[in-house]
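J.: The numbers in numbering that gives the first Met the number 0 rise by one with no breaks, and the one at position 199 of the sequence shown is 198.
C-beta atoms are modelled at their ideal positions from N, C-alpha and C, and glycine is treated no differently.
Once you've had a glance at the structure underneath, I'll fire off some questions.
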Amino acid sequence: MTKRSRTPLPGWLWLMVAAGVLTQTTANLVRPVTSYKLILLGWGETEIGLATAAYALLPLFVALPFGRLQARLRSPRNFVALGVLILAAGAAYLAVTNSVVHLMVASAVLGVGHLMFTIGGQSMVARRSKATQMDANFGWFTASFSVGQMLGPLLSGFILGGSSLAQAQAGGADLSFSINLALWVGAITSLIAVPVLYILRSTQPPPPTATQDLVTVEAGTKPSAMNILRLPGIASHMLAALALLAILDILVAFMPLVGESVGVSPMIIGALLATRGATSVLSRIFIRTLSARYSRNTLVLVSLIVSAAVIAVVPAVLGLGPVGIATAFVCMTIGGFTLGVGQPLTMTMISQAVPRSWRGTALALRLMGNRIGQVVLPIAASVVAGPVGPAGGIWFACAILGISGAERLINKRTGPNPPVS
Numbered sequence: 000m001t002k003r004s005r006t007p008l009p010g011w012l013w014l015m016v017a018a019g020v021l022t023q024t025t026a027n028l029v030r031p032v033t034s035y036k037l038i039l040l041g042w043g044e045t046e047i048g049l050a051t052a053a054y055a056l057l058p059l060f061v062a063l064p065f066g067r068l069q070a071r072l073r074s075p076r077n078f079v080a081l082g083v084l085i086l087a088a089g090a091a092y093l094a095v096t097n098s099v100v101h102l103m104v105a106s107a108v109l110g111v112g113h114l115m116f117t118i119g120g121q122s123m124v125a126r127r128s129k130a131t132q133m134d135a136n137f138g139w140f141t142a143s144f145s146v147g148q149m150l151g152p153l154l155s156g157f158i159l160g161g162s163s164l165a166q167a168q169a170g171g172a173d174l175s176f177s178i179n180l181a182l183w184v185g186a187i188t189s190l191i192a193v194p195v196l197y198i199l200r201s202t203q204p205p206p207p208t209a210t211q212d213l214v215t216v217e218a219g220t221k222p223s224a225m226n227i228l229r230l231p232g233i234a235s236h237m238l239a240a241l242a243l244l245a246i247l248d249i250l251v252a253f254m255p256l257v258g259e260s261v262g263v264s265p266m267i268i269g270a271l272l273a274t275r276g277a278t279s280v281l282s283r284i285f286i287r288t289l290s291a292r293y294s295r296n297t298l299v300l301v302s303l304i305v306s307a308a309v310i311a312v313v314p315a316v317l318g319l320g321p322v323g324i325a326t327a328f329v330c331m332t333i334g335g336f337t338l339g340v341g342q343p344l345t346m347t348m349i350s351q352a353v354p355r356s357w358r359g360t361a362l363a364l365r366l367m368g369n370r371i372g373q374v375v376l377p378i379a380a381s382v383v384a385g386p387v388g389p390a391g392g393i394w395f396a397c398a399i400l401g402i403s404g405a406e407r408l409i410n411k412r413t414g415p416n417p418p419v420s
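Following this line, the structure appears as structure tokens:
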């Protein structure tokens, strides 16, 4: 076991964590509320699947150019702040429109803002972190995402109340005001991140790294998508990252539908999603301890297989009364913890599988792969959910997790971490 020194988190990382909490609270408040807005307007699984795909469609085309841009910027602060403003604009756009086409466009705007923040943030972590600090720093940065994934659904559930839409409408209540209020709250929450980001000192240079590249390539080779994907392990790591992110998106989009189908209120659905986020925060806080004891390959494999197994249980038991709801919370607790482990480790694994100068582009390519999954998989999930019901969409995402885990087993990606030189 490699001895890890306990060093305090740098100030720039705390600021990025704070901004991450605010922006991810917005994203994870707005996205399930968008599903409820579509349900209220009379739309179903197909439209919700399309809205989820629209969130990732435009970012799919700009992820790689944005990653290359980050490699050339001295400081990504202005880029990240612009992303926050676009995120807020997308949330506000969702609040003011009732057109399904405009809702799709607004979801795409929201996705671009989220992408810009994520690319800028992960680029900063990759550039400013030593190899021995990378697991911990990515863990803290992604922990801020999990905090937002916890707070956003809690806020949405609190604002929308303890009755399902069908129950509220049967009682004569109009939830359109509450839905639009929640979207405006999301827009305002993300705007608070802008002054937080500007506390960062743009003239502060990244600290020098104390390690050599773990991977070298022939001089003059450009960091194109194909050249990155040819490097050993990259495609497998990106498949794992795609699967781990897809399940989060599909849970956020389809859990409201599952809840409505069995008469479970938005408050309980919000609490379930928040439980997933909270336990992911916990696992990411302890990511340094876990990666010191176990190899990254082992942890990612456990993340994929265990998450697939326990989350698949949630839609199956949710409609079985109090015992079923309690079981769903237990499964979300376990699944949230294991899901939280995988994402930051895939960031480290991709960063260390390419030359240092390629890291920004490689991480952007990872996001591009994630966005392909966010476009294709929700649409595929909605197709599955058509004949099977909304639970089918979640089971489909769990199957993708299982396939990614099987690929890693077949290709024997279960070895130790690469040595730090």
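Does tyrosine 293 come out as helix, strand or coil in the three-state DSSP assignment?
T.: Coil at tyrosine 293, not helix or strand.
J.: Considering only the beta carbon of each residue, do leucine 400 and isoleucine 246 sit closer than 8 Å?
T.: A contact, by the Cβ cut-off of 8 Å.
J.: Tell me the DSSP secondary structure of phenylalanine 285 in three-state form.
T.: Three-state result, phenylalanine 285: coil.
J.: With alanine 252 as the anchor, note down where its alpha helix (DSSP H) starts and where it stops.
T.: That run of the alpha helix (DSSP H) goes 233 to 261.
J.: Mind the definition here: the stretch 89 to 101 touches the stretch 21 to 39 only if three or more C-beta pairs lie below 8 Å; say whether that holds.
T.: With a cut-off of 8 Å, the stretch 21 to 39 and the stretch 89 to 101 count as touching, because enough Cβ pairs lie within range.
J.: What would DSSP say about proline 343, mapped onto helix, strand or coil?
T.: Helix.
J.: For glycine 10, count the other beta carbons within 10 Å of its own beta carbon; 16 or more makes it buried, fewer makes it exposed. Which is it?
T.: By the neighbour-count rule (16 or more Cβ atoms within 10 Å), glycine 10 is not buried but exposed.
J.: Can you tell me whether alanine 91 is buried or exposed, with buried defined as 16 or more other CB within 10 angstroms of its CB?
T.: Buried, by the Cβ-count rule.
J.: Pull up the CB-CB distance for valine 257 and leucine 14, whole angstroms please, since I reckon it's below 8 Å.
T.: Actually they are not in contact, since the Cβ atoms of valine 257 and leucine 14 sit about 37 Å apart, beyond 8 Å.
J.: On a CA-only basis, which of Asp134, Pro75 and Gln23 is nearest threonine 288? Give me that one, please.
T.: Checking every option, the nearest Cα to that of threonine 288 belongs to Asp134.
J.: Output the distance between the C-alpha atoms of serine 279 and glycine 339, rounded to the nearest integer angstrom.
T.: So the alpha carbons of these two residues sit roughly 4 Å apart.
J.: To which residues of the same chain is asparagine 136 closer than 7 Å at the C-beta, ignoring the five residues directly before and after it?
T.: Only Leu12, Val124 and Ser128 meet the Cβ criterion.
J.: Where glycine 82 and valine 146 are concerned, what is the direct C-alpha to C-alpha distance, given to the nearest angstrom?
T.: Whole-angstrom Cα-Cα distance: 19 Å.
J.: Excluding sequence positions up to five away, which residues of its chain have a Cβ less than 8 Å from the Cβ of arginine 407?
T.: So the qualifying residues of the chain are Ser235, Ala239, Asn296, Val299, Leu300, Leu303 and Thr413.
J.: To the nearest angstrom, report how far apart threonine 337 and cysteine 330 are at their CA atoms.
T.: Cα to Cα, threonine 337 sits roughly 11 Å from cysteine 330.
J.: Hey, is the stretch 369 to 381 in contact with the stretch 48 to 59, meaning 3+ C-beta pairs nearer than 8 Å?
T.: Touching, per the Cβ criterion.
J.: Given this structure, state the Cα-to-Cα distance separating lysine 411 from alanine 26, to the nearest angstrom.
T.: Roughly 36 Å separates the two Cα atoms.
J.: Where does proline 205 fall in DSSP's three states?
T.: Its pLDDT being 47, under 50, proline 205 is placed unreliably by the model, and the measurement read from it follows with that caveat. Note: proline 205 maps to coil in three-state DSSP.
J.: Where does glycine 262 land, buried or exposed, given buried means 16+ other C-beta within 10 angstroms?
T.: It counts as exposed.
J.: Which of the three DSSP states, helix, strand or coil, is assigned to valine 353?
T.: Coil at valine 353, not helix or strand.
J.: Just the Cα atoms here: how many angstroms apart are isoleucine 333 and glutamine 148?
T.: Taking the straight line from one Cα to the other gives about 16 Å.
J.: Going by the CB atoms, is the gap between serine 155 and glutamine 69 shorter than 8 Å?
T.: Not a contact, by the Cβ cut-off of 8 Å.
J.: Can you tell me whether DSSP reads arginine 191 as helix, strand or coil?
T.: Before going further, note that residue 191 is isoleucine rather than arginine in the sequence given. Coil at isoleucine 191, not helix or strand.
J.: Roughly how many angstroms separate the alpha carbons of isoleucine 393 and serine 223, rounded to a whole number?
T.: Between isoleucine 393 and serine 223, the C-alpha separation is close to 34 Å.
J.: Looking only at its own chain, which residues have a Cβ that is under 8 Å from the Cβ of isoleucine 409, when we skip the five neighbours before and after it?
T.: No residues qualify anywhere along the chain.
J.: For a test of the three-state rule: what should DSSP assign to glycine 318, helix, strand or coil?
T.: Of the three classes helix, strand and coil, the one that applies to glycine 318 here is coil, per DSSP.
J.: In the structure shown, what three-state DSSP assignment does asparagine 410 receive?
T.: Correct three-state label for asparagine 410: coil.
J.: For tryptophan 504, report the span of its alpha helix (DSSP H) as first-last.
T.: Since the first residue shown for the chain is 0 and the last is 420, residue 504 is missing from the structure and cannot be characterised.
J.: For arginine 73, does the three-state DSSP call read helix, strand or coil?
T.: If DSSP states are grouped into helix, strand and coil, arginine 73 belongs with coil.
J.: In three-state terms, what does DSSP make of alanine 405?
T.: Helix.
J.: Going by C-alpha to C-alpha distance, which of Val316, Leu230, Phe140 and Thr360 sits closest to leucine 281?
T.: Here the closest residue by C-alpha is Phe140.
J.: Quick one: what does DSSP say isoleucine 421 is sitting in, helix, strand or coil?
T.: What the structure shows of the chain is the stretch from 0 to 420, and residue 421 is not part of that stretch, so it cannot be assessed.
J.: Inspect the beta-carbon positions of threonine 360 and arginine 67 and report whether they are closer than 8 Å.
T.: Yes. Within cutoff.
J.: Under DSSP, the alpha helix (DSSP H) around alanine 105 begins and ends at which residues?
T.: That run of the alpha helix (DSSP H) goes 99 to 127.
J.: Can you check whether the CB of proline 389 is closer than 8 Å to the CB of phenylalanine 253?
T.: Result yes, Cβ atoms of phenylalanine 253 and proline 389 sit closer than 8 Å.
J.: Quick one, are the C-beta atoms of phenylalanine 157 and isoleucine 118 less than 8 Å apart?
T.: Going by C-beta atoms, phenylalanine 157 is not nearer than 8 Å to isoleucine 118.
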